[in-house]
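Student: In terms of this note's numbering, the sequence shown opens at residue 146 and continues consecutively.
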Amino acid sequence: MLQLISHSILFYPKNHVTTEERRHKLKKSLSEALTRFYPFSGRIENNTTIECDDNGVPCIEAQIHSPLSSFLQHPDMVVLKRFLPIEIESLKAVTMPLLLVQLNFFDCGGLAIGLRMSHRSLGLRLPPIDFKRPVMDTKRYVFNASKIVALKAEAVSPSVQRHSRTEAVTALLWKCAMAAKRSNSGVSKNTLVQFVNVRKRVDPSLPENSIGNLILASGTTLVEEETEREMKDLVAQLRKGIAEFDEKLAKELGGDDSLELI
């Protein structure tokens, strides 16, 4: 079975709580959370089941001898990996527990929490997709508050008066991707895939403390015209794609093949 690993790093600035208090509260809250999300303290057996043997979750601590602000202003992707409890490419990542936590304490009082989670327990899709791992590159784009406001203003239209920051930025990225694709290959048909959280869309709703992602892909296809699409048109298309997805999902979840869909 394909092993998918999910990694997250959460950053927190200094507050009135001391490092020792933070350490104690975080470990205490982790212990309390595991009593409700108990599969995370178990181990995978035979590639098909989780043995809830209460082995627990490893919690590693690291001290970072630099201020958090300097790293956030000039992030280093190589250093970023060291905030995680295990190397992403490590073979041990396949055999390690379902959840690992690393608490990274900065000298300034800031905190970075590195999480490594097995998607076997987080994902509901079975069987897993068999795919080849492509060569990927990670880049970081920063949009400050004033740019976000300008993007949102540019994307307002009669059909979409109120839209989110995510929709505005997504529309801009889509617009740039279409321009790049057109200049490289001349292809005029473009599809943007958005991942939609289905947990909030199912009826009856899932229990508050249920474990697992329930995410499906929603595609929006455009055939480009000779002139570039405006931001407001792209945001409207994004909103339309999600609306059509919701309508289709409601029908499929209410049918006989709802289990196959999930």
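Positions of the beta carbon are idealized from the N, C-alpha and C atoms, including for glycine.
The structure displayed is predicted, hence computed values, not measured ones.
Buried or exposed for Gln208, please, with buried defined as at least 16 other CB atoms from any protein chain shown within 10 angstroms of its CB.
Tutor: The sequence position of residue 208 within the sequence shown is 63, counting from 1. Gln208 comes out exposed.
Student: Does DSSP classify Arg111 as helix, strand or coil?
Tutor: Lying before the first or after the last residue shown, residue 111 is absent from the chain, which here runs from 146 to 407.
Student: To the nearest angstrom, report how far apart Gln306 and Ser153 are at their CA atoms.
Tutor: As a working mapping, residue 306 is identified with position 161 in the sequence shown. As a working mapping, residue 153 is identified with position 8 in the sequence shown. Distance between the alpha carbons of Gln306 and Ser153 is about 33 Å.
Student: Hey, could you find the ends of the beta strand (DSSP E) Ser211 is sitting in?
Tutor: Residue numbering aside, residue 211 sits at position 66 when the sequence shown is read from its first letter. Per DSSP, Ser211 belongs to no beta strand (DSSP E) and is neither H nor E.
Student: In this structure, how does DSSP classify Pro272 when only helix, strand and coil are distinguished?
Tutor: Translated into positions along the sequence shown, residue 272 becomes position 127. With a pLDDT of only 46 at Pro272, under 50, the local geometry of the prediction cannot be trusted, and the value read off the model is given with reservation. Pro272 falls in the coil class under three-state DSSP.
Student: Since Ala300 and Val338 are thought to touch, with beta carbons under 8 Å apart, how far apart are those beta carbons, to the nearest angstrom?
Tutor: Residue 300 sits at position 155 when you count from the first residue of the sequence shown. Residue 338 sits at position 193 when you count from the first residue of the sequence shown. Contact flag wrong, Cβ pair sits at about 20 Å.
Student: Between the region 162-181 and the region 215-222, can you find at least three pairs of beta-carbon atoms closer than 8 Å?
Tutor: Too few Cβ pairs lie closer than 8 Å, so no.
Student: Are there 16 or more other CB atoms within 10 angstroms of the CB of Val343, so buried, or fewer, so exposed?
Tutor: For the purposes of this step, residue 343 is taken as the residue at position 198 of the sequence shown. Buried.
Student: Compute the beta-carbon to beta-carbon distance between Leu150 and Arg285, rounded to the nearest angstrom, for a pair I have assumed lies under 8 Å.
Tutor: Position 5 of the sequence shown, counted from the start, is the residue given in the question as residue 150. Position 140 of the sequence shown, counted from the start, is the residue given in the question as residue 285. In the sequence on display, residue 150 carries Ile and not Leu. Contact flag wrong, Cβ pair sits at about 21 Å.
Student: DSSP on Thr163, reduced to helix/strand/coil?
Tutor: Mapped onto the sequence shown, residue 163 falls at position 18. Looking at Thr163 - three-state DSSP - the assignment turns out to be coil, as it is neither helix nor strand.
Student: So which of Leu248, Thr164 and Lys159 has the shortest CA-CA distance to Pro203?
Tutor: Numbered from 1 along the sequence shown, position 58 holds the residue referred to as residue 203. Nearest C-alpha to Pro203: Leu248.
Student: Considering only residues of the same chain and omitting the five flanking positions on each side of Ala238, which have a CB-CB separation below 6 Å?
Tutor: Residue mapping note: residue 238 aligns to position 93 of the sequence shown, counting from 1. Caution is warranted here: a pLDDT of 49 is assigned to Ala238, below 50, making its placement in the model unreliable, and no coordinate value can be reported.
Student: Does DSSP put Phe390 in a helix, in a strand, or in coil?
Tutor: The residue you call residue 390 lines up with position 245 of the sequence shown. It is helical.
Student: Below 8 Å CB to CB, which residues in the same chain sit around Pro387 once its five sequence neighbours on both sides are set aside?
Tutor: The residue you call residue 387 lines up with position 242 of the sequence shown. One detail in the question is off: residue 387 reads as Ile in this sequence, not Pro. If we look at Ile387 and ignore the five residues flanking it on each side, its Cβ neighbours are Gln339, Val341 and Ser363.
Student: Quick check: what's the CA-CA separation for Asn335 versus Val246?
Tutor: Residue numbering aside, residue 335 sits at position 190 when the sequence shown is read from its first letter. Residue numbering aside, residue 246 sits at position 101 when the sequence shown is read from its first letter. Distance between the alpha carbons of Asn335 and Val246: 39 Å.
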